[in-house]
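K.L.:
Please see the structure below; I have some questions.
Residue numbers (our numbering): 943 to 1400.
Next comes the structure, spelled out in structure tokens:
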């Protein structure tokens, strides 16, 4: 791997910057800031990078699937699925005002006008980020089980396949070369689903999309950052933030897991990239970010017949499940569960959702993976993570009203797709530059051209 080349913009002074969070968003931010010559410190409560939401996601880098959850059909689907433990979207009501406030904001986005406005920004960031990722890989040579084979999307009903044409046309309007394919074309693109052929009505395919292991990429990028002088304070809890005021810098109070010692770090800028936990850090400062955790699940399965396993990353529309080949394993991931910060895997609901993923793989490609459950002698690597979701699916990127405090969070299911570009854009903004894309970045004043992210913070 190549080392990071540290530079310096002619018009930008080097700053001391703290990045909170060592997932794909935080590490990408640290990389791009250090590349510009800034002094960077990364703080995370885990022992290494990418140990939470970036650990075992669906592995897809999918500009073609940059669509908001909120659309005109979403409320009715959510009601229909409410009592189904295996449903793609499961709402578990809590005595939590933040959950209900988020849901009301989400409902306000469930119309065609809001959908079109939101998808434009999500796709713009996706395309910008994919280009940024390619540039980073070219510079670093990082290997992360990358497969540049595109992403296929199949539909199990004729009705769903017919409705897919609208989404394809919308994506093509924004420059995404997603196209409709017949069942036969789909099976030529990815023959692994031939055993399930009679249940496939058709699909879509985007050859420019790709897949790869987000955790491996993030870990290796963090190592390069450390080699380039980025300081990492792992196993530290973040206790509180203080904005800059009266000529004093912004500060972060942290506590070590090793000896409980507390420290106060000061910086010219603090970037909060803590995923679903971001609102908890920013609320005491009067900064309200519309992020609520959406619990997602994955299973990583050993391959029994690698020659029959898929190499094209695929989305099963009926179950809203993504499948990606990672070397000698298949990663299957999906579902959204709105039920707070519950990270348990041993509940009846969690078990049902994990088992659904494994059973679906066996239905689609019998005998290709080891789909036995642990009690059957199998070794499925079950995992769950909290996706930091906004009602619009547009992440919160930019300056908050608290001086010296910045935010880079709220990427939902698209953290891997949007990660590289979000870090690049954040580094540009902190350095006083405007990123080269049409996106509503946060600032001290609302951006009239893109009101959605700001309006939801009121």
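Just so you know, even glycine gets a beta-carbon here, dropped at the ideal spot from N, CA and C.
With a threshold of 16 other CB atoms inside 10 Å of the CB of residue 1285, please say whether the residue is buried or exposed.
P.N.:
exposed
K.L.:
Taking its Cβ as the centre, do 16 or more other Cβ atoms sit within 10 Å of residue 1289, making it buried, or is it exposed?
P.N.:
exposed
K.L.:
Taking 8 Å as the threshold, find out whether the region 1131-1143 comes into contact with the region 1168-1186 through three or more Cβ pairs.
P.N.:
no
K.L.:
So what's residue 958 in DSSP terms, helix, strand or just coil?
P.N.:
strand
K.L.:
Check whether the Cβ atoms of residue 996 and residue 960 sit closer than 8 Å, and answer yes or no.
P.N.:
For residue 996 and residue 960, no; Cβs fall outside 8 Å.
K.L.:
Going by other Cβ atoms of all chains shown within 10 Å of its Cβ, with 16 needed for buried, is residue 1249 buried or exposed?
P.N.:
exposed
K.L.:
Between the alpha carbons of residue 1383 and residue 1309, how many angstroms are there, rounded?
P.N.:
47 Å
K.L.:
Would you mind stating whether residue 1244 and residue 1311 have Cβ atoms separated by less than 8 Å?
P.N.:
The beta carbons of residue 1244 and residue 1311 sit closer together than 8 Å.
K.L.:
Go through its chain and collect everything with a Cβ distance to residue 942's Cβ below 8 Å, but skip five positions before and after it.
P.N.:
Past the edges of the chain, shown from 943 to 1400, lies residue 942, and the structure says nothing about it.
K.L.:
May I ask you to list the residues that DSSP assigns as paired with residue 1271?
P.N.:
1244 and 1268
K.L.:
Can you tell me the Cβ-Cβ gap for residue 1362 and residue 1058, rounded? I've got them flagged as a contact below 8 Å.
P.N.:
That belief does not hold up - the Cβ atoms of residue 1362 and residue 1058 are roughly 26 Å apart, past 8 Å.
K.L.:
Along the beta strand (DSSP E) that carries residue 1204, what are the first and last residues, could you check?
P.N.:
Run containing residue 1204: 1204-1209, per the beta strand (DSSP E) assignment.
K.L.:
Would residue 1162 be called buried (16 or more neighbouring beta carbons within 10 Å of its own) or exposed?
P.N.:
Buried is the call here.
K.L.:
Write down every uninterrupted run of the alpha helix (DSSP H) in the region 1151-1195 whose length is 4 residues or greater and which is fully enclosed by it, in chain order.
P.N.:
Those alpha helix (DSSP H) runs which fall completely within the region 1151-1195 and span 4+ residues are 1156-1169.
K.L.:
Measuring only the C-alpha atoms, how far is residue 1391 from residue 1062?
P.N.:
The predicted position of residue 1391 is uncertain, since its pLDDT is 32 and thus under 50; a value taken from the coordinates is nonetheless stated next. The alpha-carbon atoms of residue 1391 and residue 1062 are separated by roughly 12 Å.
K.L.:
Quick check: the Cα distance between residue 1444 and residue 1029, rounded to an integer number of angstroms?
P.N.:
Past the edges of the chain, shown from 943 to 1400, lies residue 1444, and the structure says nothing about it.
K.L.:
Do residue 1087 and residue 1154 have their CB atoms nearer than 8 Å?
P.N.:
yes
K.L.:
Mind listing, in chain order, the continuous alpha helix (DSSP H) runs of no fewer than 4 residues lying wholly within the region 1340-1377?
P.N.:
1357-1372
K.L.:
So residue 962 packs on residue 1229, CB below 8 Å; how close in whole Å?
P.N.:
So it is not a contact: roughly 13 Å between Cβ atoms.
K.L.:
Please identify the residue among 1041, 1334, 1016 and 1359 whose C-alpha is closest to the C-alpha of residue 1150.
P.N.:
Nearest C-alpha to residue 1150: 1359.
K.L.:
According to DSSP, what are the bridge partners of residue 1489?
P.N.:
For residue 1489 there is no data in the structure shown, the boundaries of the chain being 943 and 1400.
K.L.:
Does the region 1036-1051 come into contact with the region 1076-1090, if we say contact requires no fewer than three beta-carbon pairs (one atom in each stretch) closer than 8 Å?
P.N.:
no
K.L.:
Please go through the same chain and pick out, in chain order, the residues whose beta-carbon is closer than 8 Å to the beta-carbon of residue 1128, but skip the five residues on each side of it.
P.N.:
Closer than 8 Å at the Cβ level, and outside the excluded window around residue 1128, lie 1094, 1096, 1135, 1142, 1144, 1145 and 1147.
K.L.:
Using 8 Å as the threshold, is the C-beta distance between residue 1006 and residue 1118 below it?
P.N.:
yes
K.L.:
Could you check the C-alpha separation between residue 1010 and residue 1125 for me, to the nearest Å?
P.N.:
The C-alpha of residue 1010 lies about 26 Å from the C-alpha of residue 1125.
K.L.:
Ordered along the chain, which non-local residues of its own chain (more than five positions away) have a Cβ less than 6 Å from that of residue 1027?
P.N.:
1291 and 1294
K.L.:
Pick from 981, 1368, 1225 and 1378: whose alpha carbon is nearest that of residue 1173?
P.N.:
Of the candidates 981, 1368, 1225 and 1378, the one whose C-alpha sits nearest the C-alpha of residue 1173 is 981.
K.L.:
Who does residue 1065 pair with in a DSSP beta bridge?
P.N.:
In DSSP, residue 1065 forms no bridge with anything.
K.L.:
Count the other CB atoms within 10 Å of the CB of residue 953; is the residue buried (16 or more) or exposed (fewer)?
P.N.:
Note that residue 953 scores a pLDDT of 47, beneath 50, so its modelled location is shaky; the value from the coordinates is reported in the next line. It counts as exposed.
K.L.:
From which residue to which residue does the alpha helix (DSSP H) around residue 1114 run?
P.N.:
1100-1115
K.L.:
Is residue 1073 near the ligand GTP, with its Cβ less than 7 Å from a heavy atom?
P.N.:
Looking for the ligand GTP in the displayed structure turns up nothing, as the structure carries no ligands at all.
K.L.:
Rounded to whole angstroms, what is the Cα-Cα separation between residue 1258 and residue 1182?
P.N.:
42 Å
K.L.:
Would you mind giving the Cβ-Cβ distance between residue 1326 and residue 1238, rounded to the nearest angstrom? I have them listed as a contact below 8 Å.
P.N.:
With a Cβ gap of about 7 Å, residue 1326 and residue 1238 count as contacting.
K.L.:
Within a Cβ cutoff of 8 Å, which residues of the same chain sit near residue 1003, ignoring the five residues on either side of it in sequence?
P.N.:
1072, 1075, 1151, 1152, 1153, 1154, 1358 and 1359
K.L.:
Please tell me whether residue 1262 and residue 1277 are closer than 8 Å, where the distance is taken between their beta carbons.
P.N.:
Taking C-beta atoms as the reference points, residue 1262 and residue 1277 count as a pair closer than 8 Å.
K.L.:
Between which residues of its own chain and residue 1329 is the CB-CB distance below 6 Å, once the five residues before and five after are set aside?
P.N.:
1236, 1238, 1354 and 1355
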